[in-house]
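One structure is given below, encoded as structure tokens.
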Amino acid sequence: GNSVTQMEGPVTLSEEAFLTINCTYTATGYPSLFWYVQYPGEGLQLLLKATKADDKGSNKGFEATYRKETTSFHLEKGSVQVSDSAVYFCALSDPYSGNTPLVFGKGTRLSVIA
Amino acid sequence: GAVVSQHPSRVICKSGTSVKIECRSLDFQATTMFWYRQFPKQSLMLMATSNEGSKATYEQGVEKDKFLINHASLTLSTLTVTSAHPEDSSFYICSASDPFGGLQETQYFGPGTRLLVL
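Order-wise, the sequence lines are chains D and Z. The working numbering puts the first residue of the first sequence at 1, with every later residue one more than the last. The working numbering puts the first residue of the second sequence at 1001, with every later residue one more than the last.
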């Protein structure tokens, strides 16, 4: 079945450091790929998405590129801020099945220190 | 944007009691809601799909008689953990799907409910 694997955390970075959180997936066909972020005490928020190969999703300085050849969707940000401290989830969905649930990775906790 | 709330945010109960968790879509109507469960340091695992006006669809391995789901209106789904036991302690998260949203990004997530069974 479909699955998502993302790097284990926690990840601790200094402010303005470069961030990469790796995500790879296993799926039949061509899933849509997502990154969600969960700030402390809040619900999951969609950060960015990509629906086909070579698409690049971007938002708030974060970006991720849908790489079919490596089945990856790594999250990157050039310069992190303390406010980026949160848990990040990589997820996929079947784009052909309407309202279907998401398959999530385990989540990666990011802590950014000033 | 659209908001989904959950109540309570955290609950502690004694073993053998039942606990009801509410999931509400606050500014849109949701024909479909999903219930997930998350153990520490693990993925969100889908428990069931809740459709307004019909029976929920449970994932394999999820006991439907233990985790009762009711989606009686377009803005409210409830998950009742019956005869709770310590192994049911977990973080329960719901998401609501906007029928006018089209693509998957219109799933909106609640903040989660942390259940501790003593």
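We put the beta carbon where it would ideally sit given N, CA and C, even for glycine.
- If you compare the alpha carbons of Z:Gln1006, Z:Val1004 and Z:Phe1067 with that of Thr1082 of chain Z, the shortest gap goes to Z:Phe1067.
- Non-local beta-carbon contacts of Leu1074 of chain Z in its own chain, meaning distances under 7 Å to residues more than five positions away in sequence, involve Gln1029, Ala1030, Thr1031 and Glu1052 in chain order.
- Looking only at D:Tyr25, D:Ile21, D:Leu48 and D:Ala17, the smallest Cα-Cα distance to Pro10 of chain D is reached by D:Ile21.
- For Gln45 of chain D, the nearest beta carbon of chain Z is closer than 9 Å to its own beta carbon.
- Taking a C-beta cut-off of 7 Å against chain D, the contacting residues of the stretch 1011 to 1045 of chain Z are Thr1032, Phe1034, Lys1041, Gln1042, Ser1043 and Leu1044, listed in chain order.
- Listed by position along chain D, the residues whose Cβ is nearer than 7 Å to that of Phe1109 of chain Z are Gly43 and Leu44.
- Taking 9 Å as the CB threshold, Ser1054 of chain Z stays off the interface with chain D.
- Close partners of Gly57 of chain D in chain Z (Cβ separation under 7 Å) are lacking, with about 10 Å as the shortest Cβ gap.
- Close to chain D, meaning a Cβ-Cβ distance shorter than 7 Å, is no residue of the stretch 1056 to 1069 of chain Z at all.
- Annotated three-state conformation of Val1062 of chain Z is coil, per DSSP.
- Glu1087 of chain Z carries a helical assignment under DSSP once its states are collapsed to helix, strand and coil.
- For Gln38 of chain D, the enclosing beta strand (DSSP E) has its first and last residue at Ser32 to Gln38.
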